[in-house]
Every structure is written in structure tokens, then in C-alpha cells.
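**Q** The structure is given below, and queries will be raised subsequently.
Number of protein chains: 2
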Amino acid sequence: MSELKNDRFLRALNREPLDRTPCWIMRQAGRYLPEYRASRARAGSFLDLCKNADFACEVTLQPLERFPLDAAILFSDILTIPDAMGLGLYFSEGEGPKFERPLRSAAAIANLGVPDPEDELGYVMNAVRTIRTALDGRVPLIGFSGSPWTLATYMLEGGSSKTFGHSKGLLYSDPVSAHKLLDTLAQSVTSYLNAQVAAGAQALMIFDTWGGVLTPAAYREFSLNYMQQIVDGLTREADGRRVPVMLFTKGAGERLADMAKCGADGLGVDWTTDLSRARELVQDKVALQGNLDPGVLYGSAETVEQEVQRVLASYGHGTGHIFNLGHGVTPDVSPENVGAAIAAVQKFSPAYHQS
Amino acid sequence: MSELKNDRFLRALNREPLDRTPCWIMRQAGRYLPEYRASRARAGSFLDLCKNADFACEVTLQPLERFPLDAAILFSDILTIPDAMGLGLYFSEGEGPKFERPLRSAAAIANLGVPDPEDELGYVMNAVRTIRTALDGRVPLIGFSGSPWTLATYMLEGGSSKTFGHSKGLLYSDPVSAHKLLDTLAQSVTSYLNAQVAAGAQALMIFDTWGGVLTPAAYREFSLNYMQQIVDGLTREADGRRVPVMLFTKGAGERLADMAKCGADGLGVDWTTDLSRARELVQDKVALQGNLDPGVLYGSAETVEQEVQRVLASYGHGTGHIFNLGHGVTPDVSPENVGAAIAAVQKFSPAYHQS
Numbered sequence: 132m133s134e135l136k137n138d139r140f141l142r143a144l145n146r147e148p149l150d151r152t153p154c155w156i157m158r159q160a161g162r163y164l165p166e167y168r169a170s171r172a173r174a175g176s177f178l179d180l181c182k183n184a185d186f187a188c189e190v191t192l193q194p195l196e197r198f199p200l201d202a203a204i205l206f207s208d209i210l211t212i213p214d215a216m217g218l219g220l221y222f223s224e225g226e227g228p229k230f231e232r233p234l235r236s237a238a239a240i241a242n243l244g245v246p247d248p249e250d251e252l253g254y255v256m257n258a259v260r261t262i263r264t265a266l267d268g269r270v271p272l273i274g275f276s277g278s279p280w281t282l283a284t285y286m287l288e289g290g291s292s293k294t295f296g297h298s299k300g301l302l303y304s305d306p307v308s309a310h311k312l313l314d315t316l317a318q319s320v321t322s323y324l325n326a327q328v329a330a331g332a333q334a335l336m337i338f339d340t341w342g343g344v345l346t347p348a349a350y351r352e353f354s355l356n357y358m359q360q361i362v363d364g365l366t367r368e369a370d371g372r373r374v375p376v377m378l379f380t381k382g383a384g385e386r387l388a389d390m391a392k393c394g395a396d397g398l399g400v401d402w403t404t405d406l407s408r409a410r411e412l413v414q415d416k417v418a419l420q421g422n423l424d425p426g427v428l429y430g431s432a433e434t435v436e437q438e439v440q441r442v443l444a445s446y447g448h449g450t451g452h453i454f455n456l457g458h459g460v461t462p463d464v465s466p467e468n469v470g471a472a473i474a475a476v477q478k479f480s481p482a483y484h485q486s
Numbered sequence: 132m133s134e135l136k137n138d139r140f141l142r143a144l145n146r147e148p149l150d151r152t153p154c155w156i157m158r159q160a161g162r163y164l165p166e167y168r169a170s171r172a173r174a175g176s177f178l179d180l181c182k183n184a185d186f187a188c189e190v191t192l193q194p195l196e197r198f199p200l201d202a203a204i205l206f207s208d209i210l211t212i213p214d215a216m217g218l219g220l221y222f223s224e225g226e227g228p229k230f231e232r233p234l235r236s237a238a239a240i241a242n243l244g245v246p247d248p249e250d251e252l253g254y255v256m257n258a259v260r261t262i263r264t265a266l267d268g269r270v271p272l273i274g275f276s277g278s279p280w281t282l283a284t285y286m287l288e289g290g291s292s293k294t295f296g297h298s299k300g301l302l303y304s305d306p307v308s309a310h311k312l313l314d315t316l317a318q319s320v321t322s323y324l325n326a327q328v329a330a331g332a333q334a335l336m337i338f339d340t341w342g343g344v345l346t347p348a349a350y351r352e353f354s355l356n357y358m359q360q361i362v363d364g365l366t367r368e369a370d371g372r373r374v375p376v377m378l379f380t381k382g383a384g385e386r387l388a389d390m391a392k393c394g395a396d397g398l399g400v401d402w403t404t405d406l407s408r409a410r411e412l413v414q415d416k417v418a419l420q421g422n423l424d425p426g427v428l429y430g431s432a433e434t435v436e437q438e439v440q441r442v443l444a445s446y447g448h449g450t451g452h453i454f455n456l457g458h459g460v461t462p463d464v465s466p467e468n469v470g471a472a473i474a475a476v477q478k479f480s481p482a483y484h485q486s
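Protein chains in written order, with the working numbering: chain A, 132 to 486; chain B, 132 to 486.
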């Protein structure tokens, strides 16, 4: 493998000194880019993009051609594991991900197996290998998965939900089955992420999109516990280098304090918590990633620059900050505003790294 | 007017000693009740229910017949003010509220007037008077409105939104027009709520459903500031009694500390912040209302009882707590579980009020 030419992202996760704050953007390969829309039109559907290693590689690299980003992220979906378990993932236009066969009984939960990552999820590992080779050491490649709780909500609801009636119904009427499901998912995510590292992923991220809809107590019991189980089981070194892992719970708020104790190297922070407060909560135990409101990108380029400065100032001086949005970039913003945000990080962040 | 027979709710907001924790449920008059569905079928649409004082009164009283609740709340919608401003409110099945004529220009914002509450919103005042008479002093009547920021999001987006692209676009590209809109809305809400008090409302609540989607700084500037302006302008006494006001920002989290300083008597707390933490944040400046996860009502009756006990224990000893859900009751839960929650408050809360 080629030597890594830009390791700012990995060094920030290790809280080592840097020249400036590294930056990548959640969903940086996505619909806001015309070149992505063109690739997708050629590939067919979103899942066709994910399941073909050449297409997945093509779109993964597109934002790196446009912007001076410090990391690439595997182009894939958070719901590949339940799909491999046989639930039948599909995307309905405007309604997001859905499952043909949602989980609706304790028996169905008991029957779930742990997918073999090189078999049922071999297309993901092919994409990781293809992208890693194409990157040629330019920036590190991030692998990822959904968190057990987040996967469980989609599996139980059959898609997105406003009320989480089926998933909270399970937690609050049959917690034994809920724990069985989450344990099977934690085992599956561990083996899936370890296979991504074996295939070439240089850092890992677990997306807990729906952890924030739980009470603080239910979050610890049904979401954080299982992310902890995964972190404990991950391969943490490859090519003689540490493979850092990051957790992102949307709406984490004060939960960041507990999250910082589970052995992860970094935490994603959404825009509803100031990084200054997040830094107090985690007490320099972990690096922090975030947290520009994706909604700022609907504003003017001048405001984008001001709000980036506000994010940098909120984290303050020193290493351990990775600039990102507080959630994925939305499809209807202009690539120019995304570029303005990234340029502002380049321009204003060095001042926070002078000793 | 008849003397008030049950004033626990008002006394809790004043943090006076009580025998037990008062309780009401957000959206207690709603689709989870078969008698509500029958009234609505007779009335026609949801808006027909709101705009006919006899129907609005009928459904307001239904949950009081079933459950030992300590407050009634006006049956109405949070979007009556923008409707009175001429935006054309309608409800599309399964998609929630929409406006026929969303605000899409600075000129449209500049042209908005403050509605006369006894004229364009006279149907609401008729409902307040009818309900207050029918209650006959049984429990106090809560009047309410949406917050300026929350109303603005619906007016700008034309309905619900996942990204808040139009509303955040305005904040971050034309803050002058955003402030103009929010100021017009704050004036309108103030006059609307004062008219509700004149018509018989004995307490007021401002629902800031979407304040939590803003950054902490944008929340202070664009949401809390305007709720403060309203609180400053409200009639605070009627019939020789204080008219308390409560603010509820969904996803408030740490913002509760700032909210407690704006002169409100109570704050609603959603289920993602423990009441013990909320109490630390507000330092006994205000009463707290909440905060059972509405999702618990999808569980078993035993779990409902346990989770109610957890909420009561989290607030702890002393007055100043009003039991409620952390958000509105969802349409597909069983009335029996709602009853189990209310019964558990009656059973377990007296222990927290012994001196």
C-alpha cells in the first residue's frame, strides 16, 4: 500500500499537533454534486451505486477532486447489515430507506444470524479495496456502519419513523427480545467493521442517527452499551498504525460525557451543542468532530464563512478538532457554499494551532 | 365565573406546597380517543373542529370525563395566526399542516399585518369562552400559541420540513427580514394570548416545536428573544389571580438555563433531558413540566407505571413539578396506557410532597 500523504485526520483523532484543522463533510459524495447525479444516472439506483465497486469508488473520489478534503469515506449505506440478514432493503422515492420484511416478532429476532462480511457483504469489501487502491495514499479512508440501535429502528419500523412506535414498543414491552436483537447486531457490526479494516479502511465511524430519540437511561441501556461492545471488539491497528474509531449520536447533547468513556477516539457532535460545551463534557478524553449546522449552507457565502469561524472559535485552541457539518450535507445546497465552508477552515483554522 | 375547584396546576406553577403532583397530557384531546374520532367524524375536518366553538368545547372536555386530569387545554391549532394573516392553512392527510401561500419574499414579510384577535381569530375566543363556561371551575383552562420561530418555519417552508431550508436560508442570508417577520409574529402572539386571557384562559403556554433545530446562538437570537418579548407583553393577572405562562422548546436541553431567565413561570421539558438535570439547570427559578417519553405508551402497562415512577423520582421531592409527556400523545397508543400513566401519578406522587 502507498504511504499516506495527508494524515491530518488520523493525527487529529490521536490529538497530535497539526498545522490546521482537518476537514471532511458527512455525505460529501452526494446529490448536491452534479457529477454525483450524473454517475447515479449511469448506475441506475442508489443501491446500484453502492453494490458496484467501480461506481462506489468513482463517487467516493468526486468530492476530493473539487475540494481540499482531509479524508474520504466509503460510499455505502448504513443499512447494508439488515439487508444482508434478509430484510430486503429498498429505497422509495422521497420516503427514504424501507424494508420489504420488517421484524415483527420475537421469533423473527431469534432467527437472525450474523452475516459473513466477505460473503453476503462482499460487495462492500470490494468497494473498500477498490477505493483504497484508487486513493493511493492521498487521504485516509473511513469505513462505517449504523449503530445497533439505529439499525434496529429501521428493521422494526420497516423504514423511517416519527414516533418509533414499533421500536419503543419492543423496548418497553419485551426488553429481552430487544437486547437479543441489539446483541446480534453488535456482533454483526463488529465483524463487518473488522472486515472493512482488513480490506483497507484506516478509520471507522459508527452512525447512531436515532440514539437521541431515547431517554438518557434508555440510551445507555439500548444504544451506548452496544456501541461499547463493538468498540471493545474492533481491530485497532493496521499497517502498523492505529485505526481510530468515532461515534456519532445525533442529538447526543449531555450524553457526550458518557460516550467519551467507552474507548472511542473521537465523537461526532451535531450543531445543537456548542463545541465549547462538548469539550467540557468530554474533558479532552477524545477528539471532537463537527459541527456546522447543515442549514447554514442555505445562506450566503459570507454567512457560511462567519459561521465556520464561530465553530472554530467554539472549539478553541489546540488539536483534537475535525471540522465537519453537524449532520449530512443536504441535497439541495450549492456546491459553492460547501466549498466556501471548506476554504474558511483552511483560512481561519491555522491560528488555532499556533503554540 | 365559578370558583376554581382544582387549582393544583396553577399552584404548582407558583411552586406552592401540594398534596400530589398535578397532571395533564399534551394533546390529551386527540385521535387516540375513540370519542374524539367520533366527534371529528361528525364535525368534518380537524379545522372544522377548531372553528366551531361547540365542537371545540366537546372534544376539550372528553379526556376530563375519562381521566382525573388537573388542567384542560383549549382545543385549537398552533397555526391559527398565520392562517389569520392570509396564508391559507389546510391539512393534507398524513402530511400534517400546510399553507397554500407560503412566504417567499422580503416584500411578503413586510406586508404582513398583526391580526385582530377578536375579528380574524374570533372563533378561537368563542371557543375559549364556551369551554371556560362549560368547565364551570372544574380545572383551569390553558390557552396557547405557537412561538414566533415555530410559526415562521411553517410560514416559510409551507408545511413541515426535515431540512428547514427556506427558514434557515432566510436566517443565514437575510437576517433583517427574519427579524422583521419574528417581530410581527411576536406582536401577533402577544395580542392573541392576551385576548385568550380576556376570554377566560387561566394559564398560557407557548409551543416552540422547532426551537431545538437551531444552534444555541441562533436559538437565543431568533427564538428565545421573541418568546421573551411576548412574556414581557402578557397580561399576568385575571380574576384576581396570577396567569402563569409556560414555554416549551422541544429539544431544549441545556437551553433550559437561558429559558428560565425570561420571566416565564414554567418550562416544558422533553424526555431527552432528565428532570434532575433540568432542575439543576433552572435552579428553582421556574416550575418544570414533563417528561415521560410518549413512546413508553407503546409498551406494557407495567412498564408505563415504572417509567412514570422514574420521572417522578428524577424530579424528586418538593413542589414545582407538573407531570406530562415530553411531547404530545401519539394517535396510535391505547387510552388504557394513558390512563395507567395518570393513575401512576396519583398513586406515587404524594410521597414526593410530604414535608
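Ideal placement from N, C-alpha and C gives every residue a C-beta, glycine not left out.
#1: Relative to chain A, which residues along the region 189–201 of chain B have a C-beta separation below 7 Å, given in chain order?
#2: For the candidate residues B:D185, B:R441, B:Q414, B:G274, whose alpha-carbon lies nearest to that of B:T366?
#3: What distance in whole Å lies between the Cβ atoms of B:P481 and B:R151, which are believed to be in contact at a cut-off of 8 Å?
#4: Output the distance between the C-alpha atoms of B:L313 and B:E288, rounded to the nearest integer angstrom.
#5: Kindly list the residues whose CB is nearer than 6 Å to the CB of A:F206, restricted to its own chain and excluding five residues on each side of it in sequence; keep chain order.
#6: I want to check one thing, is the minimum distance from the CB of A:A409 to the heavy atoms of the ligand MG below 8 Å?
#7: Check this for me: beta carbons of B:M286 and B:M358, under 9 Å apart or not?
#8: Let me make sure I understand the geometry here. Which of B:S291, B:D389, B:C154 has the alpha-carbon closest to that of B:G225?
#9: Tell me which residue opens and which closes the beta strand (DSSP E) that A:L210 is part of.
#10: Going by other Cβ atoms of all chains shown within 10 Å of its Cβ, with 16 needed for buried, is B:G268 buried or exposed?
#11: Less than 6 Å between C-beta atoms, sequence neighbours within five positions excluded: which residues of the same chain meet that for B:F479?
#12: Taking all protein chains shown into account, do 16 or more other C-beta atoms lie within 10 angstroms of the C-beta of B:Y167, making it buried, or fewer, making it exposed?
#13: Work out the CA separation of A:G457 and B:L141 for me, nearest whole Å.
#14: Give the single residue among A:D201, A:G371, A:S354, A:L301 whose Cα lies nearest to the Cα of A:L378.
#15: If you follow the alpha helix (DSSP H) that A:G253 is part of, which residue opens it and which one closes it?
#16: Can you name the residues of chain B whose CB is closer than 7 Å to the CB of A:F295?
#17: Run down chain B in chain order and give the residues with a C-beta less than 7 Å from the C-beta of A:P402.
#18: Using only CA atoms, which one of B:G343, B:L195, B:G451, B:L220 lies nearest to B:Q420?
#19: Can you tell me the Cα-Cα spacing of A:R386 and B:K299, whole angstroms?
#20: For the region 263–349 of chain B, which segments carrying the beta strand (DSSP E) assignment without a break, of at least 3 residues, lie completely within its bounds, in sequence order?
#21: Please list the partners that A:R408 has in chain B, where partner means a Cβ-to-Cβ separation under 9 Å.
#22: Indicate whether B:D396 and B:P375 have their beta-carbon atoms separated by less than 9 Å.
#23: Can you check DSSP and say which residues form a bridge with B:P153?
#24: Counting pairs of Cβ atoms below 8 Å between the region 454–474 of chain B and the region 314–332 of chain A, do you hit three or more?
#25: Smallest Cα separation from B:K392: which of B:V435, B:D401, B:V362?
#26: Can you pull out the residues from the region 288–315 of chain B whose beta carbon lies closer than 9 Å to at least one beta carbon of chain A?
#27: Which class does B:N422 belong to by DSSP, given the choice of helix, strand or coil?
#28: Name the chain A residues whose beta carbon is nearer than 7 Å to that of B:S278?
#29: Considering only residues of the same chain and omitting the five flanking positions on each side of B:I240, which have a CB-CB separation below 8 Å?
#30: Are there 16 or more other CB atoms within 10 angstroms of the CB of A:R410, so buried, or fewer, so exposed?
#31: Note down the Cα distance separating B:F198 from B:G244, rounded to an integer number of angstroms.
#32: Under 7 Å, CB to CB, which of the residues in the region 324–346 of chain B have a partner in chain A?
#33: Among the candidates A:H297, A:P306, A:P279, whose CA atom is the shortest distance from the CA of A:L324?
#34: With the cut-off set at 9 Å, would you say A:A82 and A:L282 are in Cβ contact?
#35: Starting from the beta carbon of A:S431, find every residue of chain B whose beta carbon is closer than 8 Å, and list them in chain order.
#36: Consider the Cβ of B:E226: report whether some Cβ of chain A lies at a distance smaller than 9 Å.
**A** Quick look at the numbers:
#1: none
#2: B:G274
#3: 5 Å
#4: 15 Å
#5: A160, A187, V190, T191
#6: Because no ligand of any kind appears in the structure shown, any question about the ligand MG cannot be addressed here.
#7: no
#8: B:S291
#9: Unbroken run through A:L210: none, as it is neither H nor E.
#10: exposed
#11: Q440, L443
#12: buried
#13: 40 Å
#14: A:S354
#15: 253–266
#16: G426
#17: This sequence places Trp at residue 402 of chain A; Pro is not what is there. By Cβ distance, chain B contributes T346.
#18: B:G451
#19: 26 Å
#20: 272–277, 334–339
#21: P347, E385
#22: yes
#23: None; B:P153 has no bridge partner.
#24: no
#25: B:V362
#26: K293, T294, F295, G296, H297, S298, K299, G300, L301, L302, Y303, S304, D305, P306
#27: strand
#28: Ordered by position in chain A, no residue passes the 7 Å Cβ test against B:S278, which lies about 17 Å from the chain.
#29: L234, S308, K311, L312, T315
#30: buried
#31: 41 Å
#32: G343, T346
#33: A:P279
#34: Residue 82 of chain A lies beyond the stretch modelled for chain A, which goes from 132 to 486, so this question has no answer here.
#35: Y303, S304
#36: no
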